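Student: Chains as they are written, first to last, in the UniProt record's numbering: chain A, 1 to 681; chain B, 1 to 681.
Glycine included, each C-beta is placed from N, C-alpha and C at the ideal position.
A quick note: this is a predicted structure, and the numbers were derived from the prediction, not measured.
Got a structure for you, written out below as structure tokens; questions coming shortly.
Protein chains: 2
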Amino acid sequence: MTQDPLVIFTPSGKRGRFPVGTPVLTAARQLGVDLDSVCGGRGICSKCQVAPSYGDFPKHGVTVHEGALSDWNAVEDRYDRVRGLKPGRRLGCQATVQGDIVIDVPPESQVHRQVVRKAASTKPITMDPATRLVMVEVQEPDMHEPSGDFERLAKALKEQWQIEGVTAPLSVLQKLQPALRKGHWQVSVALHQPAGQDGMRVLDIWPGLHEGGLYGLAIDLGSTTIAAHLCDLGDGRVLASSGLMNPQIRFGEDLMSRVSYAMMNPGGDAEMTRAVREAMATLAAEIAAEGGIDPALIFEVVVVCNPVMHHLLLGIDPVELGQAPFALATSGSVTLPAAELELTSIAPTAQAYLLPCIAGHVGADAAAVALAEEPDRAEDLTLIVDVGTNAEILLGDTKGVLACSSPTGPAFEGAQISAGQRAAPGAIERVEIDPETKEPRFKVIGCDLWSTDPGFAEATRDTGVTGICGSGIIEAVAEMRMAGLLDPSGLIGGPEATGSSRCEAQGRTFAYLLHDATSAGGPRILVTQGDIRAIQLAKSALYAGARLLMDQRGVDKVDRVILAGAFGAHISPKHAMVLGMIPDAPLDKVTSAGNAAGHGARIALCNRAARSRIEQTVRKIHKVETAVEPRFQEHFVNANAIPHATDPFPELAKVAALPQIHFGASSGGGDGTGRRRRRRG
Amino acid sequence: MTQDPLVIFTPSGKRGRFPVGTPVLTAARQLGVDLDSVCGGRGICSKCQVAPSYGDFPKHGVTVHEGALSDWNAVEDRYDRVRGLKPGRRLGCQATVQGDIVIDVPPESQVHRQVVRKAASTKPITMDPATRLVMVEVQEPDMHEPSGDFERLAKALKEQWQIEGVTAPLSVLQKLQPALRKGHWQVSVALHQPAGQDGMRVLDIWPGLHEGGLYGLAIDLGSTTIAAHLCDLGDGRVLASSGLMNPQIRFGEDLMSRVSYAMMNPGGDAEMTRAVREAMATLAAEIAAEGGIDPALIFEVVVVCNPVMHHLLLGIDPVELGQAPFALATSGSVTLPAAELELTSIAPTAQAYLLPCIAGHVGADAAAVALAEEPDRAEDLTLIVDVGTNAEILLGDTKGVLACSSPTGPAFEGAQISAGQRAAPGAIERVEIDPETKEPRFKVIGCDLWSTDPGFAEATRDTGVTGICGSGIIEAVAEMRMAGLLDPSGLIGGPEATGSSRCEAQGRTFAYLLHDATSAGGPRILVTQGDIRAIQLAKSALYAGARLLMDQRGVDKVDRVILAGAFGAHISPKHAMVLGMIPDAPLDKVTSAGNAAGHGARIALCNRAARSRIEQTVRKIHKVETAVEPRFQEHFVNANAIPHATDPFPELAKVAALPQIHFGASSGGGDGTGRRRRRRG
């Protein structure tokens, strides 16, 4: 008796013998090979494309001859004619096994394909979204065995896809009968399975094969900005990324002023809820247009945000978050219909998922950072700071993770800075100051030249030089400190003391003229003493939060620092350390993770298991409440100096010399501290 | 060593020994005794009232002495002072066991108390509603062990009530924090558990003990009328029953004309959906007012209806129900938020449940009749006819159940009858005609006297005699037949043939003058030849449907007939049989079940298990499609005669003599038949 042909799949290496005539897709399914199919083997969707290999395969112990697969058939012909099939590709549902064969499953044909993000430091996302598309053939109704069209759809899903316990919302029941008849009893359905639940819910239905795709939004809802990625739930591609200002800013720049607004104004929380929901709906519509898709095909929304934004988005009065013991209404993840968040522009059945919150002041954004950066899996003791209006801080390794948040205020984002502006073309983002001449040069967003390069004026003619953004002000302050224009207490020296005419008197203090654009109709861009104080307050809060976690962990130094946050990617590690934003660490161990919270949201969007994982992880994180820790205040005061009043910075000393200068009695630090302690955001 | 005291509960007989000091409620719970409690033993809700018995109990082998329970305590004192406790009653959570004791659990203290309905023929409802109230004490938040208020509520429900997997909609999360603080960390929650599912959902929350109750609506949504019962979900009491006309009547009197309206008018289905939803919302508000409760405390709605009404209520275009193979969009039960049915006057989180449909023409109303009357558990072969604009017909016993529906039209409800009207004060509901004098006497709704009794005119002065309702026209036609005014073909005799001047000529036919109210400013109430034809068409459809099921079952007679339907209670069995509405059967085996569909809805409202049970039962019912059965037509034609052209009525012959008369060539029957076959409703 001759043996059945041997079928070997690569890259998995899974193998088995199958009778002659077995479709490749059938063999793959029986072996548990990760080969995609939406139409279930009807030769329509082309998701099951495979690449057969011919020749000798000593590693696998087989020789593959021509004819090991059945001849190209009419379905493949038609598909190739209409859509085009790459050379060497076959449709797995059409090609049948005729002899020993080695079959490669290309990445785009894998259901659980991996999506690599740009920053290579973090792990790729494995596609396993909560919402998927399948096509199914439904039995026609029979008067003598009456059953509903939906019941026959459920039966078909069970028989053809082994999917049980399917339910449908009213909107799908309303579309069901026309779709079945128009599709000649073949329909595509978008099926949603929430994490940790068995049953699946039909979110939408289309006649025949739905080719428009399914999409999701990963939204990082910050106090100041709302940023979103539009992702293809099929292959994980990011089709568009967009953002807008959080309109709640008009109710208060930081979180605590918004909580106060809610407390002082009856209905104020509802006003803020309405504002943020409208902005999110607008953003969803805009990003769909930018990505060139129908917004009604957005079926999932994942939101990460701090606790106050979380409550305001959900329509929960945040008043309890403004006073000890800072009780969250709910700390677990929240799954709900997106319609309840008034995201009216997207699919009416779309589902929203909010990551869990860690504590009253440590939100779903921190959870998302933990999901993206996985401090719980780090061998090195890792400090992660997610810099925004409110900073989320995580410290940990495989032995355990600590978390807190700290009220840095919006200075790092360019707000509360005299010439501050959003990161947009024309904004100064990089600064260098010559230690000898005290003369600056800078770069602006949207131009690759330094301001001292020939052609800079021409290149920036359209935008001009309009202000200074978050990373720009950090570099400017650090450069001023290194150039001897700023003493450790944060005082700007006058023209005599510094020898620079750019140090201009402003009342009782001085300001440093970074750029005078008046001749081009622009502003005079100064770094004022007030700007320095705002940055000092922000960086002290950040440092004090990190230091508090180090105290709890019982360490004086960390092995590694990751700068995250929407603009974390743009901060220069050296300048951050000169400023004393972060504890001293070897410079090559200070890296940037970009928008880690947003990336965490994308992971949760594309991978169901990640949702369960972060829900588990969050329960194990030890939370530290900065607002009631007496040592926070002490750390905050000591961190006011640049870089620090007491903590040594030996690693920084290796790369930067900070002049030991003193311009006079500092009036900073103390006065602002009391006010700041009441503010979050 | 002395034994622990013996505790015996009646009526269950459950017994066990418990240490001195054990609260009675604790002992009951450990033995699985059905003793209610909402507050969980805090002495607040008084649901756990018990009645201890003292003296000798030879049957139980114990003697109970004074002091077998602890002394009356302060909590009981306060409760008695504020609310009053019946003599001999104790609070089970306060009284503790001190010696051997016999404790009776009165019916009102049982969770699963039984509710007996008025008609004693059917079984009582055991209370086990899907939505129940529990009170719980929640741990206060702790900044150092941060967890959300909701997560601590879930923990308390698990620890205090063994309820796991609790979820909450946004509206509850929004109310949660103020409720917990106002209730000093004690709250009541309405918990909903759908049939066949494990998890429970919090539908609402109140500070402290919620004393306003939880309510449900059982709605029988008919083609012509919408009837509802308002029930207390705690004890099953019906607080109010109310009804109104289905406003869809303006789109067509019967079901098929409404389906046609939807087919002919784009958006017509949406118009009808809006109309019926508005009517239901109005009815819900009215019935709450009538019952004296806040409509926001209505948390459940159970709806039974025929398939066309089912689809129109759900917003599903009923077009498929108008043509073979009469495919339902969904045949299973439907559970959905009542808000999706725009029942805006009730609790925003209320849940709606629609019973399953049996087939394209046999709806959830037939399923409800099966639930109420349980033909599948009958030893006798039982025929159940639910008379309405569309008749639901069930035939079966423990060996199996058959079902069909038949398009009787609205004649039985007084529509399409010249002097027809709704059953309301002033409507003729009972009729007798003297076989000798051919003179009638009658009763009207709202008056206990016969029209020939002294004082009748005085008693009906306010309402007058305004028309004839469904049961009145049935009796009138049957009495005319028995009095020799009507021949078997349905022709009314003239004054010469009948010897009665009440038989007036109307064109080529005659009409019988039942009552002339013109002297009192009222109408002349006549039974016209057209009225007879309408009743003949309706009764033929009903009889033919029943006969078809008997054919399928292979029988010529049935053991028992149950007349159900909103006005089934008012039909006289004898008159129904004279008319030939139902097959011949011993008169004492023809009973009325009142509104069986409405009662089935009430069962499903009050008992979760009943929902699962009817979902199972429905799958086993054999469906017969009258619209495509050739024999239906034949049965219909033969049933046109009064009582019948061919079938013998031996049981009827024992109680009524029907004159063998013939007034001329009948033009009835045939002409109407063709038209009727296209109509349902």
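Quick check: the Cα distance between A:Ile571 and A:Ala593, rounded to an integer number of angstroms?
Tutor: So the two alpha carbons sit approximately 11 Å from each other.
Student: Mind checking if B:Gly363 is an interface residue toward chain A, Cβ cutoff 7 Å exclusive?
Tutor: Not closer than 7 Å to any Cβ of chain A, the Cβ of B:Gly363 fails to qualify, so no.
Student: For B:Met200, write down the residues that DSSP places opposite it in a beta bridge.
Tutor: In the DSSP output, where bridge partners are listed per residue, B:Met200 has B:Val166.
Student: At what residues does the alpha helix (DSSP H) containing B:Pro495 begin and finish?
Tutor: Run containing B:Pro495: Pro495 to Thr498, per the alpha helix (DSSP H) assignment.
Student: Where are the alpha helix (DSSP H) runs, 4 residues long or more, that stay fully inside the region 258-296 of chain A, in chain order?
Tutor: Counting whole runs of 4 or more residues, the region 258-296 of chain A contains the alpha helix (DSSP H) stretches 268-291.
Student: Can you tell me where the alpha helix (DSSP H) with B:Lys158 in it begins and where it stops?
Tutor: Run containing B:Lys158: Asp149 to Trp161, per the alpha helix (DSSP H) assignment.
Student: Can you pull the chain A neighbours of B:Gly332, defined as C-beta to C-beta under 8 Å?
Tutor: By Cβ distance, chain A contributes Gly148, Phe150 and Glu151.
Student: Checking 7 Å against the spacing of the C-beta atoms, do residue 683 of chain A and A:Thr126 come in under that value?
Tutor: Chain A is shown from 1 up to 681; residue 683 of chain A falls before or after that span and cannot be answered.
Student: Going by the CB atoms, is the gap between B:Ala423 and B:Ser345 shorter than 7 Å?
Tutor: In this structure, B:Ala423 does not lie closer than 7 Å to B:Ser345 by Cβ.
Student: Decide if A:Gly670 is buried, meaning its Cβ has at least 16 other Cβ atoms within 10 Å, or exposed.
Tutor: Confidence at A:Gly670 is low in this model, with a pLDDT of 37, below 50, so the placement of that residue should be treated as unreliable; the coordinate-derived value is given next. With fewer than 16 other Cβ atoms within 10 Å, it is exposed.
Student: How is B:Glu145 classed by DSSP in three states: helix, strand or coil?
Tutor: Here B:Glu145 sits in coil by DSSP.
Student: Label A:Trp450 either buried or exposed according to how many other C-beta atoms from any shown protein chain fall within 10 Å of its C-beta, with 16 as the threshold for buried.
Tutor: With fewer than 16 Cβ atoms within 10 Å of its Cβ, A:Trp450 is classed as exposed.
Student: Three-state secondary structure (DSSP) at A:Ser109?
Tutor: The answer is helix: DSSP assigns A:Ser109 an H, G or I state.
Student: Could you give the first and the last residue of the continuous beta strand (DSSP E) run that contains B:Leu239?
Tutor: Looking at the DSSP string, the run of the beta strand (DSSP E) that includes B:Leu239 is Val238 to Met245.
Student: Under 7 Å between beta-carbons, which chain A residues line up against B:Ala141? List them in chain order, please.
Tutor: The sequence given here has Pro at residue 141 of chain B, not Ala. Per Cβ cutoff of 7 Å: Pro325 and Ala327.
Student: Determine the chain A residues that contact B:Val628 at a beta-carbon separation under 7 Å, and present them in chain order.
Tutor: Neighbours of B:Val628 on chain A, chain order: Met143.
Student: Out of B:Gln552, B:Gln94 and B:Val62, which one is the CA nearest neighbour of B:Ile101?
Tutor: Of B:Gln552, B:Gln94 and B:Val62, the residue nearest in Cα terms is B:Val62.
Student: Chain D beta carbons: is any one of them nearer than 7 Å to that of A:Ala403?
Tutor: No chain D appears in the structure shown, which is made up of the protein chains A and B.
Student: Keeping to the same chain, check which residues put their C-beta closer than 6 Å to that of A:Gly268; ignore five residues upstream and five downstream.
Tutor: Tyr261 and Ala262.
Student: Ignore the nearest five residues each way along the sequence and tell me which others in B:Arg631's own chain have a CB closer than 7 Å to its CB.
Tutor: The answer, listed in chain order, is Leu548 and Asp551.
Student: Counting only beta-carbon separations shorter than 7 Å, does A:Leu176 have a partner in chain B?
Tutor: It does; some Cβ of chain B falls within 7 Å.
Student: To which residues of the same chain is A:Val302 closer than 6 Å at the C-beta, ignoring the five residues directly before and after it?
Tutor: Only Ala218, Tyr353, Ala601, Ala604 and Leu605 meet the Cβ criterion.
Student: With H, G and I counted as helix, E and B as strand and the rest as coil, what does DSSP make of B:Asn638?
Tutor: Reduced to three states, the DSSP call for B:Asn638 is helix.
Student: Please tell me whether A:Lys539 has its Cβ less than 7 Å away from any Cβ of chain B.
Tutor: So, not an interface residue.
Student: How about B:Asp128 and B:His144: are their beta carbons less than 7 Å apart?
Tutor: Result no, Cβ atoms of B:Asp128 and B:His144 do not sit closer than 7 Å.
Student: I'd like the list of long-range same chain contacts for B:Leu526, defined as Cβ closer than 6 Å, with 5 residues on each side in sequence excluded.
Tutor: Excluding positions up to five away in sequence, the list reads Ala511 and Leu513.
Student: Please classify B:Ile612 as buried or exposed, where buried requires at least 16 other C-beta atoms within 10 Å of its C-beta.
Tutor: Inspection of the sequence shows that residue 612 of chain B is occupied by Ser rather than by Ile. Per the 10 Å Cβ criterion, exposed.
Student: Would B:Thr646 be called buried (16 or more neighbouring beta carbons within 10 Å of its own) or exposed?
Tutor: The residue is exposed, with fewer than 16 neighbouring Cβ atoms inside 10 Å.
Student: Which one or two residues does DSSP pair with B:Ala51 in a beta bridge?
Tutor: DSSP, once it has assigned bridges, lists B:Asp104 as partnering B:Ala51.
Student: Would you mind giving the Cβ-Cβ distance between A:Gly464 and A:Ala427, rounded to the nearest angstrom? I have them listed as a contact below 8 Å.
Tutor: In fact, because the Cβ distance is near 10 Å, the residues do not count as touching under 8 Å.
Student: Take A:Ile298 and list the residues in its own chain whose beta-carbon comes closer than 7 Å to its own, dropping the five residues that flank it on each side.
Tutor: Closer than 7 Å at Cβ, skipping near neighbours: Tyr215, Gly216, Leu217, Ala284, Ala288, Ile346, Ala347 and Ala350.
Student: If B:Met135 sits next to B:Ile44, beta carbons under 8 Å apart, how far is it from one beta carbon to the other, in whole angstroms?
Tutor: 7 Å between Cβ atoms; contact.
Student: Can you have a look at A:Arg675 and say buried or exposed, based on whether 16 or more other CB atoms are within 10 angstroms of its CB?
Tutor: Confidence in A:Arg675 is poor, its pLDDT being 39 and thus under 50, which makes the residue's placement too unreliable to answer from.
Student: Alpha carbon to alpha carbon, how far is A:Gly565 from A:Asn595? Give it in angstroms, no decimals.
Tutor: Rounded to whole angstroms, A:Asn595 to A:Gly565 spans 5 Å at the Cα level.
Student: Use the C-beta contact count for B:Ala95: other C-beta atoms within 10 angstroms, 16 or more gives buried, fewer gives exposed.
Tutor: By the neighbour-count rule (16 or more Cβ atoms within 10 Å), B:Ala95 is buried.
Student: At what residues does the alpha helix (DSSP H) containing A:Glu479 begin and finish?
Tutor: Its alpha helix (DSSP H) spans residues Gly470 to Met482.
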